[in-house]
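Engineer: The following block contains the structure, expressed as structure tokens.
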Amino acid sequence: MPSIEGIDRVTYGVEDIEACKRFFLDWGLRLVREPADGLDFESLNGCEIQIRKVDDPALRPATESGATVREVIWGMTSDIEALRPLLAGQPGFQDREGTLSCIDPSGVGVGFRKTRKRAIDVAGTPANSWGHVVRVDQPSTIYERAEPVEVGHVVFFTDTLAATTKFYEALGFHLSDRYPGRGHFLRCSPRGGHHDLFLLQTPDAKRGLNHVAFTVRDLHEVIGGGMHVARCGWETQLGPGRHPISSALFWYFKTPAGALVEYYTDEDVLTEKWQPRDFEPSPTMFAEWAIAGGIDGNTRRQKSVAAPEPGKFITEKRG
Ligand SMILES: [Fe+2]
Numbered sequence: 018m019p020s021i022e023g024i025d026r027v028t029y030g031v032e033d034i035e036a037c038k039r040f041f042l043d044w045g046l047r048l049v050r051e052p053a054d055g056l057d058f059e060s061l062n063g064c065e066i067q068i069r070k071v072d073d074p075a076l077r078p079a080t081e082s083g084a085t086v087r088e089v090i091w092g093m094t095s096d097i098e099a100l101r102p103l104l105a106g107q108p109g110f111q112d113r114e115g116t117l118s119c120i121d122p123s124g125v126g127v128g129f130r131k132t133r134k135r136a137i138d139v140a141g142t143p144a145n146s147w148g149h150v151v152r153v154d155q156p157s158t159i160y161e162r163a164e165p166v167e168v169g170h171v172v173f174f175t176d177t178l179a180a181t182t183k184f185y186e187a188l189g190f191h192l193s194d195r196y197p198g199r200g201h202f203l204r205c206s207p208r209g210g211h212h213d214l215f216l217l218q219t220p221d222a223k224r225g226l227n228h229v230a231f232t233v234r235d236l237h238e239v240i241g242g243g244m245h246v247a248r249c250g251w252e253t254q255l256g257p258g259r260h261p262i263s264s265a266l267f268w269y270f271k272t273p274a275g276a277l278v279e280y281y282t283d284e285d286v287l288t289e290k291w292q293p294r295d296f297e298p299s300p301t302m303f304a305e306w307a308i309a310g311g312i313d314g315n316t317r318r319q320k321s322v323a324a325p326e327p328g329k330f331i332t333e334k335r336g
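For this note's numbering, count along the sequence shown from 1 and bump the result up by 17.
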């Protein structure tokens, strides 16, 4: 079976390149090239985030108007040739620069290449829980900002949930959990994080991007990173919070690159033994708990309760 490691590259088509430059620098990515036609960012392990103009003729077709993701390239640890028979008959098939790509049944560009990500020596802060003490004589980390390790998952709206799922399962993806008829959580290898791809079919049967999720090391980096992004003036969509499906801790922001981006950490890790579960979509199934409006980066307190004076904690006296 082909071995897909994870997401190697995400390409956005955007309207405002300068705003995306500010956003992703604040988000914690490294700007590694600034070609005439856009921006090339990398995460810590070399996962690539390309920013191009929405009307760049080199881009895959858009599934929606405005800024959105145009292509996702998956990295493989085995030979990509095993996937050629599955991709060659698909719409938009291309064999270029070591990447086999096409357009998936939801209209999104998808490709596979030998992974170009690097093995890196970073680790989250060990957490002491009852019965599992692993951090001794060592204070826990406080992050002033995040440096995402990689893009961990992508989420798209689809109007062809069954066909798109079948397409990815044929390539080696596995169903982790589902909202029957409404959403499928897929992981790109039998052993790994809960989902690398989530396909969402809403009653209005739209296509497009829901979010791109960046893996960070631990809860403290979700919080420190989120507060930094908030301090920079970017707007929280929801978070911090926790997903009951996947168990991950999250914080979602709106981005000029299109739809939402997410910091997340501590997702469930699954194996061949995992049995997919069925859930009914609901707000509490999406978030066990969450903070609306986020946390203010300066006051370090919840943002949506009675607004404090700038720079003051909400518990400080006014005047
Ligand atoms: Fe997510």
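Beta carbons: idealized from backbone N, C-alpha and C, even for Gly.
Can you list, in chain order, the stretches of the alpha helix (DSSP H) that have 4 or more residues and sit fully within the stretch 116 to 188?
Structural biologist: Correct list: 178 to 188.
Engineer: Quick one: using the 10 Å Cβ neighbour count with 16 as the cut-off for buried, is Arg4 buried or exposed?
Structural biologist: Because the chain is modelled from 18 through 336, residue 4 falls outside the range shown and cannot be assessed.
Engineer: Could you tell me the alpha carbon to alpha carbon distance between Ile312 and Arg39, rounded to whole angstroms?
Structural biologist: If I take the Cα positions, the gap works out to 20 Å.
Engineer: Consult DSSP for Lys342 and reduce its assignment to one of helix, strand or coil.
Structural biologist: Residue 342 lies beyond the range of the chain shown here (18 to 336); nothing can be said about it.
Engineer: Answer yes or no: do Pro257 and Ile240 have a C-beta to C-beta separation smaller than 8 Å?
Structural biologist: Yes, these two residues count as a Cβ contact at 8 Å.
Engineer: Rounded C-beta distance between His228 and Ala276? I'm assuming under 8 Å.
Structural biologist: Indeed, because the Cβ distance is near 6 Å, the residues count as touching under 8 Å.
Engineer: For Gln67, which residues in the same chain have their Cβ closer than 6 Å to its Cβ, ignoring the five residues on either side in sequence?
Structural biologist: The answer, listed in chain order, is Thr28, Asp57.
Engineer: Which of the three DSSP states, helix, strand or coil, is assigned to Gly336?
Structural biologist: At Gly336 the pLDDT is 49, less than 50, meaning the model places this residue with poor confidence and gives no usable figure here.
Engineer: Is any heavy atom in ligand 1 found nearer than 7 Å to the beta carbon of Glu279?
Structural biologist: Yes, the beta carbon of Glu279 sits closer than 7 Å to at least one heavy atom of ligand 1.
Engineer: Residues in the same chain with beta-carbon distance under 6 Å from Ser118, minus the five sequence neighbours each way, listed in chain order, please.
Structural biologist: Closer than 6 Å at the Cβ level, and outside the excluded window around Ser118, lie Gln111, Gly128.
Engineer: Hey, out of Thr288, Ser263, Ser123, Trp91, whose CA is closest to Arg224's CA?
Structural biologist: Comparing Cα-Cα distances from Arg224 to each of Thr288, Ser263, Ser123, Trp91, the minimum goes to Ser123.
Engineer: Look at the Cβ atom of Phe173, then the Cβ atom of Val125, and state whether they are nearer than 8 Å.
Structural biologist: Yes, the pair counts as a contact, with Cβ atoms nearer than the cut-off.
Engineer: Out of Asp295, His260, Gly83, which has the shortest C-alpha to C-alpha gap to Phe303?
Structural biologist: Selected option, being the one with the closest Cα: His260.
Engineer: Thinking Val31 and Ala84 are a contact (beta carbons under 8 Å), I'd like their distance in whole angstroms, please.
Structural biologist: Yes, Val31 and Ala84 are in contact; Cβ-Cβ is about 4 Å, under 8 Å.
Engineer: Take Gln342 and list the residues in its own chain whose beta-carbon comes closer than 7 Å to its own, dropping the five residues that flank it on each side.
Structural biologist: Nothing about residue 342 can be read from this structure; the chain reaches only from 18 to 336.
Engineer: What separation, rounded to the nearest whole angstrom, lies between the Cα atoms of Lys320 and Gly23?
Structural biologist: Whole-angstrom Cα-Cα distance: 35 Å.
Engineer: Cβ of His170 versus every heavy atom of ligand 1: is any distance shorter than 7 Å?
Structural biologist: Answer for His170: yes, Cβ within range of ligand 1.
Engineer: When the Cα atoms are used, what is the spatial distance from Pro108 to Phe184?
Structural biologist: About 12 Å.
Engineer: I need the straight-line Cα distance from Asp194 to Ala53, nearest angstrom please.
Structural biologist: Straight-line Cα distance between these residues: approximately 42 Å.
Engineer: Going by C-alpha distance, which of Gly209, Ser95, Val86 is nearest Lys290?
Structural biologist: Of the listed residues, the one whose Cα sits closest to Lys290 is Gly209.
Engineer: Hey, could you find the ends of the beta strand (DSSP E) Val65 is sitting in?
Structural biologist: It is Glu, not Val, that sits at residue 65 in the sequence shown. Per DSSP, Glu65 belongs to the beta strand (DSSP E) from 65 to 70.
Engineer: Can you give the Cα-Cα distance for Thr94 and His212, rounded to whole angstroms?
Structural biologist: Each residue's alpha carbon lies about 18 Å from the other.
Engineer: Are His201 and Thr142 closer than 8 Å when you measure CB to CB?
Structural biologist: No. Outside cutoff.
Engineer: Find out if the Cβ-Cβ distance for the pair Glu167, Lys134 is shorter than 8 Å.
Structural biologist: Their beta carbons are under 8 Å apart, which means Glu167 touches Lys134 by this criterion.
Engineer: Just to confirm, does His228 get its C-beta within under 7 Å of one of the non-hydrogen atoms of ligand 1?
Structural biologist: Under cutoff, so the answer is yes.
Engineer: For Asn145, which residues in the same chain have their Cβ closer than 6 Å to its Cβ, ignoring the five residues on either side in sequence?
Structural biologist: The answer, listed in chain order, is Arg152.
Engineer: In angstroms, rounded to a whole number, what distance separates the CA positions of Leu100 and Arg130?
Structural biologist: Taking the straight line joining both Cα atoms gives about 10 Å.
Engineer: What does DSSP give as the partner residue(s) for Trp262 in the beta ladder?
Structural biologist: The sequence given here has Ile at residue 262, not Trp. None; Ile262 has no bridge partner.
Engineer: Would Asp121 and Cys64 be called neighbours here (beta carbons separated by less than 8 Å)?
Structural biologist: Not in contact: Asp121 and Cys64 (Cβ atoms no closer than 8 Å).
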